[in-house]
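First residue of the sequence shown? That's 8 in this note's numbering, and the numbers climb one at a time after it. Quick reminder that beta carbons are idealized off the backbone N, C-alpha and C, glycines included. Scroll down for the structure; my scribbles are underneath it.
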Amino acid sequence: MPGVFVVIGLLVLLGMSGGLAAPEQQAAPVDSEVIVSTQFGGLSRADSQITTGTSTVTDETVEVVPAPAVNPTPAPTPAVRPPAVALPPNVDTLSAQNIYTNRATFRGSIEFPSESFAGAVRFYYSENRSDVINKSDDVDTLVVSNRTMNTRSYDRIVSGLNDDTTYYYQFCFTADTVICGDTVMVTTVEEIDSNYRLPTASTQRAEDINAETATLRGTYRRNSADSTTAFFVYGESRDLVNEVSVEYEEYRDIDEQGDALQKVRVGISLDASGSFSREIDDLERRTVYYHRFCIAYDDAETGIRCGGTYSFETKSRQRDVPEIRGESDRVSGTTATLSANLDMEDYINGHAFLVYGTSESRINSVANVSRFSSVSQSGDSIQRVSIDADFDGSDDVSIAARDLISSDYYYRFCIQYEAENDFGSDQLYVVCGDVGNFTVE
């Protein structure tokens, strides 16, 4: 049975090597055993030994189990903001104002949309548009401010301009760069003749208004005009009277239109200044009329200048105003005897008086006052003498003016009377005769 002994010997050898133990069976650890994790990720015993099968591992033996490789997640990178950039200001060039022959007001505005920063503001201007846009050496510059940081508008008067000339200008802000608004155009006013002055005319209220007549009055200054004509326009149409100075350039061109518009010439080749009055008739009773005093001129240029438009209403009954006629004077030494015929016509209770003096203009101006007490006396220039404060009817009067000096004298007789005005109320008026003159040697 040698074969049997061989088999038994092989089984003994296998048993000693543990080959007969089941592969999945392992000895359980004793109660005192503790398994811990090492810092590298393996397992280690915390007691004296671990028994696995028939093998023993002492505490000097450590079984290291490598930890799986881990790729660490990098920390997020914080976002980096770009530095803040200040927005450039908004610059606008505004239209010009107050435009004259030699000056105009340039305007511009600046607005800082974000944080403001200092810079200079100025106007660039020239007759050449490209000089302004390119800021050439020929462009004119007006500095408004060397340092501005505020949102605001600017305006500056630019003088020394040429008349009837087109200019271009820009409003600009300068810091590191130049920022400008649009290019704006302005044309100065044409000056025909800097030394030529147009005539002036002034209309005065009508006097001696009756049922069918009224007296129109006006004053003027000829100024630089030489060829001049003075005239009145009147009529029932206010619009036609107002349009005379706009629609016509010469007196002869004015188209009369019956009761609506009439014209009457009172002077040509006028003196430097003066006044005119003219009684107009054939008026309608209880009718409103409009009137103006005008000057036509046609030397340096042609045109018509008129005073304001006034109105009056004719009466329901014709009344003649007081009248002075037959003036005369007689001089003896330093005394002058002055005479005239005074007639109150349709009025009563008048105040008859005389004015005389060495000033012709002062004597002439008395016709513009409304009462005797309004005449201002001034030595030899003008004196007033009351003749009768309750004058009625008609009478010849004589007054002696004494202690006169050696000079030329002027005089006129006048009557103050009360009559209904244009508004239906009683009012004082003064009517005067012609101006006479005499000389004291």
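Asked	Found
Supposed contact pair Asn356 and Asp399 - C-beta distance, whole angstroms, cut 8 angstroms	7 angstroms
For Val146, the three-state DSSP class (helix, strand or coil)	coil
Sequence ranges, alpha helix (DSSP H) only - wholly within the region 208 to 258, length at least 4	245 to 249 and 251 to 254
Which residues DSSP lists as bridging Lys322, in chain order	Paired residue(s): none; Lys322 is not in a bridge.
Where Gln384 falls, given that 16 or more other Cβ within 10 Å makes a residue buried	exposed
Span separating the alpha-carbon of Asp336 from that of Ala343	7 angstroms
At least 3 beta-carbon pairs within less than 8 angstroms: the region 266 to 273 vs the region 209 to 218	no
Of the listed residues Thr181, Thr226 and Tyr132, nearest to Thr190 (C-alpha basis)	Tyr132
Terminal residues of the beta strand (DSSP E) in which Val437 lies	Asp433 to Cys439
Cβ-Cβ distance between Thr108 and Thr173 below 7 angstroms	no
Residues near Ser102 by beta carbon distance below 8 angstroms, same chain, minus five either side	Arg114, Val191 and Val193
For Ile370, the three-state DSSP class (helix, strand or coil)	helix
Endpoints, the alpha helix (DSSP H) within which Arg293 is located	From DSSP, Arg293 is part of no alpha helix (DSSP H); its letter is neither H nor E.
At least 3 beta-carbon pairs within less than 8 angstroms: the region 368 to 381 vs the region 404 to 421	yes
Beta-carbon gap between Ser121 and Met156 smaller than 7 angstroms	no
Nearest residue (CA-CA) to Asn423, options Phe360, Thr158 and Glu448	Inspection of the sequence shows that residue 423 is occupied by Gln rather than by Asn. The candidate whose alpha carbon is nearest that of Gln423 is Phe360.
Alpha-carbon to alpha-carbon, Ala208 and Asn428	24 angstroms
Beta-carbon spacing of Val151, Arg136 below 7 angstroms	no
Within 7 angstroms, strictly: CB atoms of Asp144 and Thr112	no
Rounded distance between the beta-carbons of Ala267 and Tyr354, thought under 8 angstroms	That pair is no contact at about 32 angstroms.
Cross-strand partners of Phe133 (DSSP beta bridge)	In the sequence as presented, Phe is not what sits at residue 133; that position holds Ser. DSSP lists Tyr175 as partners of Ser133.
Beta carbon of Gln325 nearer than 7 angstroms to that of Gly364	no
Inter-residue spacing [alpha-carbon to alpha-carbon] between Val392 and Gly281	26 angstroms
CA-to-CA distance, Thr181 to Ile140, given in whole angstroms	14 angstroms
CB-CB length for Val338 against Phe445, believed under 8 angstroms	5 angstroms
Own chain residues within Cβ distance below 6 angstroms of Ser401, not counting five before or after	Asp350
Simplified DSSP state of Ser55, which is helix, strand or coil	Because Ser55 carries a pLDDT of 40, less than 50, the predicted location of this residue cannot be relied on, and no value is offered for it.
Cutoff 6 angstroms; reference Arg204; Cβ partners in own chain excluding five residues on either side	Asn230 and Ser231
Element boundaries [beta strand (DSSP E), containing Asp395]	Gln390 to Phe398
Closest residue to Glu330 among Val437, Asn153 and Glu448 (Cα-Cα distance)	Val437
Separation of Ala374 from Gln269, as counted between CA atoms	26 angstroms
Per-residue burial, Glu197 [other beta carbons within 10 Å of its own, 16 or more giving buried]	exposed
Assigned secondary structure, Phe420 (DSSP; H/G/I helix, E/B strand, else coil)	strand
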